[in-house]
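Numbering (the working numbering), first residue to last: 567 to 649.
All residues carry an ideal CB built from backbone N, CA and C; glycine is no exception.
Below is one structure, written out as structure tokens, with a few remarks after it.
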Amino acid sequence: MPEPGRHTIARTASYEADPDEVGRVLLLYSGGLDTSVMLKWIQDEYEAEVVALTVNLGQPGEDFDVVRGKALDLGAIACEVFD
């Protein structure tokens with residue numbers, strides 16, 4: 567048990583890729599803050615190409631052209647939108 571007030575590091579994935587093994591990543595992309603930060607983090611940490619994938623799940627008022635443009639502006643090599 568960790569000491570009170572101390573932080574511990576917990577593994578959050580069963581597999582963590584070696585940056586040297588990653589060339590291209592498919593990111594499920596919503597266009598929000600979290601996935602936008604993740605897109606840049608993958609590029610920086612893994613020096614990998616990112617393909618963004620957005621799925622229309624019936625969200626009201628979502629402009630998928632804006633989402634696509636944001637992903638491409640952030641450096642994704644492609645952004646696919648499935649309706």
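Checklist entry - Under a three-way DSSP split, which group does ALA618 fall into? => result strand
Item to check | Extent of the continuous beta strand (DSSP E) run through GLU646 | outcome: 644-648
Checklist entry - In three-state DSSP terms, what is VAL588? => result coil
Next on the checklist: Is it buried or exposed, LEU605, if we count other Cβ atoms within 10 angstroms and call 16 or more buried?
Outcome noted: It is buried - the Cβ of LEU605 has at least 16 other Cβ atoms within 10 Å.
Item to check | Supposed close pair VAL588, ALA614 - CB separation, criterion 8 Å | outcome: 5 Å
Checklist entry - Looking at the unbroken alpha helix (DSSP H) that takes in LEU599, where does it start and where does it end? => result Counting along the chain, the unbroken alpha helix (DSSP H) around LEU599 starts and ends at 599-612.
Item to check | C-alpha gap between ASP610 and ASN622, whole angstroms | outcome: 28 Å
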